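Chains as they are written, first to last, in our numbering: chain A, 63 to 398; chain B, 57 to 447.
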């Protein structure tokens, strides 16, 4: 017993002596220092990253935890995170209140259409500003940047009025038109992104294609677009998400005067007003008991669940596209 | 595809042959003149002019050849009358590539330009016009206009209030918000971008998590939560931060002063907002970081630079153009969530401003826009000299 301890002690002593000798040579000292610095910075990095990830995921987890709580447990203070009774009742009620499948269909139609049209118009304009310079194109690009800076409220009121005169309000075609003509949600930013991206593609590619007899459109279609995959994915995802989450434009131009085109986001804002009506309509009223709808906590629970329902398709989509999206950003090289 | 292949009538063919022959004669005369000139100048050893003339000669020669070809084709009856599109495409194909590019440039911009005129420029000018008018809704629909000059703007700063606060107060508070948020968001997103750009275990997953705020719409959820039931839900959210409370009490027990704790807690509270606001900025900075060529870092390493030095001397200058872009984006992004928006929905009398006082509405939005422009310009002026362009 004592022998082994003594042995170990000797080993340790040896080790320390070796270490001290090592430290005398500058290269070994450097290597050791680097290793320690690396270790510490790695630990710091992981702590930071995990902490920030937690901050991002925290509301999501909280929302999920609340959503699965059974309505009868609303006032139960002992339940904080894990629901005492696992129930999908909240989801049922929220789906009814949101008019889920119809709104989902509307949202999908609007978002997909707007995304496609935005992609076409902004990529064309961006390419023109990047490569097909003509007299005055610099001025036009300046105007395109100017559209980014002006807030929507400045133009929305006269625009609404002139659109009402043209009898275009209340139809999704208004949004499609705006997207197709490069004036959709934050189109200016997309034009800018595309321009920066196309500027980064080497001119030699274009010249080579030209020598082989391609006209500018063929160059754009056959050479630039396939190379611009990263930028296209980034812009498409952003356009889709921004249209999905848009409340301002969609209410103003479509849903305020035409309730048939309620999207998920616009429904979600008005979910509370329709809650009681929805409950009676669906015949769930009896199941819940009357007093529960008067409980503000119950309402906020439903709101929270409807929030999850609104975001769920987007999150699923993001989960699938995420890898391409991240790679797209890294390759897109959008530099100012 | 239907292609019209009409044979030309005999008389037309003859006429055009005569025309082309005349044209050919004229061209050949010109050609002869040019040839004479060319010989003359080259004998005088004025090579520059002679070369220029020779070029023109070459062009004329090919033109004459075209005409000759046309004549032979006409004589052999091989001619097909082209429809309009074919003619245009033929003209287009004969253009030099540079001109083709310009034409396509205009074509590609046309849809955007149409949209710009229809959905941007004209409403913008209308807003400016409205802001100079006192407007009241007419009973039959539409508005009565009374030109007032700048009195809307004066009223805006002297009379209008929103739940007790004057416009000036609301404006200053929202501007202070922007001014505080701007540097925090930009520094934070540069920092996170640098962090995410290194390869460590699980960096794919971390990146995916960090871009969730881009997808996940916090603003709408915040809007719903700030309604009647918002406070109760907010209370529920707060229970989760018991962790931070216990942490702060722990710090108290150790004996760290209250000021530091307050600062830490406010930073923790704010970090959530800042992360949610800086999704796009992080994306932009990661893209910028990726485009920094590796050889810069390699040469810095050879020169014996530490990582800290490399960050300040290589990374920051290389991403500095992006800082400007992010500055603009952050300010633009804060338009929507600004307090001033509440002015636009409900005014002091409790009626909606958009329908009853469009003049005032326009004045507010233009003032807000101008102030934001000023912040952007200020940022530009401050950063312009620091920005480094690597070309």
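By construction, the Cβ of each residue, glycine as well, lies at the ideal position given by its N, Cα and C atoms. Every value quoted in this text rests on a predicted model; they were computed, and no experiment measured them.
What does the alpha-carbon distance come out to for the pair residue i and residue j?
i                      : j                      : result
residue 93 of chain B  : residue 122 of chain B : 23 Å
residue 128 of chain A : residue 380 of chain B : 41 Å
residue 323 of chain A : residue 229 of chain A : 16 Å
residue 156 of chain B : residue 103 of chain B : 32 Å
residue 314 of chain A : residue 320 of chain A : 10 Å
residue 243 of chain B : residue 267 of chain B : 17 Å
residue 73 of chain B  : residue 173 of chain B : 49 Å
residue 349 of chain B : residue 340 of chain B : 17 Å
residue 63 of chain A  : residue 86 of chain A  : 35 Å
residue 272 of chain B : residue 203 of chain B : 45 Å
residue 204 of chain A : residue 385 of chain B : 16 Å
residue 49 of chain B  : residue 230 of chain B : Chain B is shown only over 57 to 447; residue 49 of chain B falls outside these bounds and no answer can be derived.
residue 427 of chain B : residue 388 of chain B : 12 Å
residue 388 of chain A : residue 129 of chain B : 60 Å
residue 124 of chain B : residue 84 of chain B  : 11 Å
residue 368 of chain A : residue 361 of chain A : 10 Å
residue 289 of chain B : residue 366 of chain A : Its pLDDT being 43, under 50, residue 289 of chain B is placed unreliably by the model, and the measurement read from it follows with that caveat. Taking the straight line joining both Cα atoms gives about 9 Å.
residue 200 of chain B : residue 118 of chain A : 51 Å
residue 368 of chain B : residue 385 of chain A : 30 Å
residue 9 of chain B   : residue 176 of chain B : The question about residue 9 of chain B has no answer, for chain B in this structure spans 57 to 447.
residue 328 of chain B : residue 248 of chain B : 14 Å
residue 210 of chain B : residue 270 of chain B : 40 Å
Shorter than 9 Å from the beta carbon of residue i to some beta carbon of chain B?
i                      : result
residue 210 of chain A : yes
residue 111 of chain A : yes
residue 305 of chain A : no
residue 146 of chain A : no
residue 232 of chain A : no
residue 213 of chain A : yes
residue 288 of chain A : no
residue 260 of chain A : no
residue 313 of chain A : no
residue 295 of chain A : no
residue 155 of chain A : no
residue 205 of chain A : yes
residue 31 of chain A  : A question about residue 31 of chain A goes unanswered here, because the residues of chain A that appear run from 63 up to 398.
Step through the CB atoms of chain A and report whether any lies within less than 9 Å of the CB of residue i.
i                      : result
residue 248 of chain B : yes
residue 285 of chain B : Low confidence applies here, because residue 285 of chain B scores a pLDDT of 37, under 50, leaving its location unreliable; read the following figure in that light. With 9 Å as the cut-off, residue 285 of chain B counts as an interface residue toward chain A.
residue 263 of chain B : yes
residue 232 of chain B : no
residue 99 of chain B  : no
residue 367 of chain B : no
residue 266 of chain B : yes
residue 43 of chain B  : A question about residue 43 of chain B goes unanswered here, because the residues of chain B that appear run from 57 up to 447.
residue 441 of chain B : no
residue 428 of chain B : yes
residue 414 of chain B : yes
residue 107 of chain B : no
residue 437 of chain B : no
residue 386 of chain B : no
Interfacial residues, the segment 169-183 of chain A to chain B, with Cβ spacing under 8 Å: Taking 8 Å as the Cβ-Cβ cut-off against chain B, the residues of the segment 169-183 of chain A that qualify are 183.
Contact list for the segment 148-168 of chain B against chain A, Cβ threshold 7 Å: Near chain A, meaning a CB-to-CB distance below 7 Å, the residues of the segment 148-168 of chain B are 153, 156, 157, 158, 160, 161, 162, 164, 165, 167, 168.
Inside the segment 220-304 of chain A only - beta strand (DSSP E) runs reaching at least 3 residues: The qualifying runs do not exist here; there are none.
The segment 210-220 of chain A / the segment 135-149 of chain B touching (three or more Cβ pairs under 8 Å): Touching, no.
Inter-stretch contact at 8 Å, needing at least 3 Cβ pairs: the segment 187-202 of chain A / the segment 253-270 of chain A: As far as the Cβ criterion goes, the segment 187-202 of chain A touches the segment 253-270 of chain A, which means the pair count is three or higher.
Under 7 Å (Cβ pairs) to chain B, residues found in the segment 191-202 of chain A: Under the 7 Å Cβ criterion, the segment 191-202 of chain A contributes 194, 195, 196, 199, 202.
Against chain B: residues of the segment 271-285 of chain A by CB proximity under 8 Å: The segment 271-285 of chain A vs chain B, Cβ under 8 Å: 272, 277, 278, 279, 282.
Stretch pair the segment 220-230 of chain B + the segment 353-373 of chain B: three plus CB contacts closer than 8 Å: In short, these stretches do not touch, since the Cβ pair count stays below three.
Interface residues of the segment 115-135 of chain A facing chain B [CB-CB below 8 Å]: Against chain B - using a Cβ distance shorter than 8 Å - the residues of the segment 115-135 of chain A are 115, 117, 118, 119, 120, 121, 122, 124, 128.
At least three beta-carbon pairs within less than 8 Å, the segment 271-282 of chain A to the segment 152-171 of chain A: Touching, no, given that fewer than three Cβ pairs across the two stretches are closer than 8 Å.
Runs of alpha helix (DSSP H) lying entirely within the segment 125-159 of chain B, each at least 4 residues, in chain order: Whole alpha helix (DSSP H) segments, 4+ residues: 140-150.
Near-chain B residues of the segment 80-108 of chain A (beta-carbon distance less than 9 Å), N- to C-terminal order: Against chain B - using a Cβ distance shorter than 9 Å - the residues of the segment 80-108 of chain A are 99, 103, 104, 107, 108.
Any 3 or more C-beta pairs closer than 8 Å across the segment 179-191 of chain B and the segment 421-430 of chain B: Contact between the segment 179-191 of chain B and the segment 421-430 of chain B is present: three or more C-beta pairs spanning the two stretches fall below 8 Å.
Cβ pair count under 8 Å reaching 3, the segment 272-292 of chain A against the segment 145-159 of chain B: Contact between the segment 272-292 of chain A and the segment 145-159 of chain B is established, with three or more Cβ pairs separated by less than 8 Å.
4 or more residues per run - each alpha helix (DSSP H) lying fully within the segment 328-393 of chain B: Qualifying alpha helix (DSSP H) stretches, in chain order: 335-346, 350-358, 363-366, 372-389.
The segment 365-390 of chain A: positions lying closer than 9 Å to chain B by Cβ: Here the close residues are 365, 366, 368, 369, 372, 373, 376, 377, 379, 380, 381, 384, 385, 387, 388.
Segment contact, 8 Å Cβ cut-off, at least three pairs: the segment 297-314 of chain A with the segment 237-250 of chain A: When Cβ pairs closer than 8 Å are counted between the two stretches, the segment 297-314 of chain A is seen to touch the segment 237-250 of chain A, the count reaching three or more.
Whole runs of the alpha helix (DSSP H) within the segment 82-155 of chain A, excluding any shorter than 4 residues: The segment 82-155 of chain A contains, as complete alpha helix (DSSP H) runs of 4+ residues, the segments 88-129 (chain order).
Cβ contact (3+ pairs, closer than 8 Å) linking the segment 249-256 of chain A and the segment 177-191 of chain A: Yes, the segment 249-256 of chain A is in contact with the segment 177-191 of chain A.
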